[in-house]
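This report refers to the structure that appears directly beneath it.
Chains as they are written, first to last, in our numbering: chain A, 1 to 243; chain B, 244 to 486.
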């Protein structure tokens, strides 16, 4: 039986203010929780799950506090419209320093949609790109919708927030900007090192940042849509640019 | 001043049952409504907008009934969390027959997330692919979330729903299936004609459909994510496969 204070505490982690205060975030659903258990077991503080899930996940690391709850109790804890068997309370992953040498790095300039942010992190993870640098006004990585849409890749991809322009100026590698008026990505030499910058969903990349890029790249358009979704554009660029 | 019955009627169009009965759907926001006015003006039945929007859109086709409403009235009509200046009530676009010869066609097997469905249609439109065939259990094209995420491409891309397996068997062109165990898309000859099949978000393509494809294709993975988002995968395939 869950206490009212536990329910209130976990619900509060749906809000950034409380996540920041507690240094914790929420992750839900068997797929994502399984990835977190595999990748960052030491950071999982507690798990709230239905009996079914526990029956299929017997060998959990000892330090994780497991609480079996009913479906209706899970519903009270969950941030999802349809709760999905298990919810984990996880310690925030420490901010990492990022070294851009000999690596591909994704830079996100004001990506505001949580689904786009999470999907870009998941896509980077697919392509073996393990670091993402975000402008401070991008969606928060621990927003439950971002966590969900990373599908567990949050445990593998390093994400930092910083003044993107300043940070970019300090990096001594090539910088590629996704833009509507750049060179066709198919004509650009494939890379093993560099920063790929993806801009805001409606405004694109900030003019101050565009000034310091090495190359503007475009996904050539043969149809009529005005733009591509930011996560789709990021995926196409990652697929075509990495060597 | 909006009557209660008008509010109720427009709200009812948020539900599939009423959209089917009335043969109408809703589209919201300046970008999408502008695309619909440009592409399918004759299908727009009425517009509910704030004064600001009307001031910037004076030359509307005569047959469109325009109603100026207050922000708070628009809020009552809108399906969006944050209403966006204008809402259009639009007649459903007639189902088209689709000819696969000399064209690229996208086939969606049980794409259930409305955002994925809309984003795939938008991406197809970017690449000049103007026809999408969906299994009957895919998300409904007139679902407000699908309409929003097409960003207006719903007005240009033909979408039909059918028994996908039967339909595929009748098509005399090459059929490419996005799968985890196919040939690397980079090694496959680029095409001007063929059907590209995208499968369900968690289950992939139905085994019965996989049996009748010509070629399985894969976006090669160098990292650790278990899968790609369906719309991102569709975008990468469209970008790389079309000649």
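Heads up, the beta-carbon is just placed ideally off N, CA and C, and yes, glycines get one too.
The beta carbon of residue 396 of chain B sits closer than 8 Å to some beta carbon of chain A. Boundaries of the alpha helix (DSSP H) around residue 317 of chain B: 314 to 320. Cβ-Cβ distances below 8 Å link residue 366 of chain B to 474, 477, 478, 481 in the same chain, with the five nearest sequence neighbours on each side left out; the list follows chain order. With fewer than 16 neighbouring CB atoms inside 10 Å of its own CB, residue 55 of chain A falls in the exposed class.
In chain order, 382, 386, 388, 389 place their CB closer than 6 Å to the CB of residue 357 of chain B, counting only its own chain and leaving out the 5 sequence neighbours on each side. By the CB criterion at 8 Å, residue 175 of chain A and residue 212 of chain A fall inside the cutoff. Taking a Cβ-Cβ threshold of 7 Å, the residues of chain A close to residue 475 of chain B are 119, 123, 231, 232, 235, in chain order. The shortest CA-to-CA distance from residue 207 of chain A to any of A:84, A:177, A:191, A:29 is the one to A:177. A:128 is the residue among A:83, A:128, A:27 whose C-alpha sits nearest the C-alpha of residue 469 of chain B. Looking at B:484, B:485, B:437, B:472, the one whose alpha-carbon comes closest to that of residue 359 of chain B is B:472.
Residue-level contact by beta carbon holds for residue 471 of chain B and chain A, with a gap shorter than 8 Å. Taking C-beta atoms as the reference points, residue 24 of chain A and residue 11 of chain A fail to come closer than 8 Å. With a threshold of 8 Å between beta carbons, residue 369 of chain B makes contact with chain A.
Secondary-structure assignment with DSSP links residue 88 of chain A through a beta bridge to A:27, A:47. Linking residue 392 of chain B to residue 272 of chain B through their CA atoms gives a straight-line distance of about 11 Å.
Within 10 angstroms of the beta-carbon of residue 465 of chain B lie fewer than 16 other beta-carbons, which makes it exposed. Within 10 angstroms of the beta-carbon of residue 90 of chain A lie 16 or more other beta-carbons, which makes it buried. Residue environment: residue 78 of chain A is assigned as buried (16 or more neighbouring CB atoms within 10 Å of its CB, all protein chains considered). The C-beta separation of residue 99 of chain A from residue 193 of chain A comes to about 11 Å, leaving the pair out of contact by the 8 Å criterion. With a beta-carbon spacing of about 10 Å, residue 275 of chain B and residue 361 of chain B fall beyond the 8 Å limit used to define contacts. The alpha-carbon separation between residue 35 of chain A and residue 240 of chain A amounts to approximately 27 Å. Restricted to the segment 180 to 209 of chain A, the beta strand (DSSP E) segments that are unbroken, complete and at least 3 residues in length are 194 to 198, listed in chain order. Sequence-ordered contacts of the segment 440 to 466 of chain B with chain A read 462, 464, 465, 466 [C-beta pairs closer than 7 Å]. The contact set of residue 272 of chain B on chain A, defined by CB atoms closer than 8 Å, is empty, because the minimum CB distance reaches about 11 Å. Proximity of residue 349 of chain B to chain A, defined by a Cβ-Cβ separation below 8 Å, is not satisfied. Residue nearest to residue 374 of chain B within the set B:264, B:355, B:398 is B:398 (criterion: CA-CA distance). Of A:184, A:13, A:71, A:105, the smallest CA-CA separation from residue 220 of chain A is found for A:184. When C-alpha distances from residue 434 of chain B are compared across B:329, B:369, B:347, the shortest belongs to B:347. For residue 327 of chain B, the closest of B:438, B:291, B:248 by C-alpha to C-alpha distance is B:291. For the C-beta of residue 115 of chain A, the chain B residues within less than 8 Å are, from N- to C-terminus, 358. Chain-ordered, the chain A residues with CB closer than 8 Å to the CB of residue 372 of chain B read 223.
Taking a beta-carbon distance threshold of 8 Å, residue 177 of chain A does not count as an interface residue toward chain B.
Taking C-alpha positions only, residue 224 of chain A is separated from residue 369 of chain B by approximately 6 Å. Residue 38 of chain A sits exposed, since fewer than 16 C-beta atoms from the chains shown fall within 10 Å of its C-beta. In the structure shown, residue 308 of chain B falls within a strand segment according to DSSP collapsed to helix, strand and coil.
Our two residues, residue 316 of chain B and residue 244 of chain B, have alpha carbons roughly 8 Å apart in a direct line.
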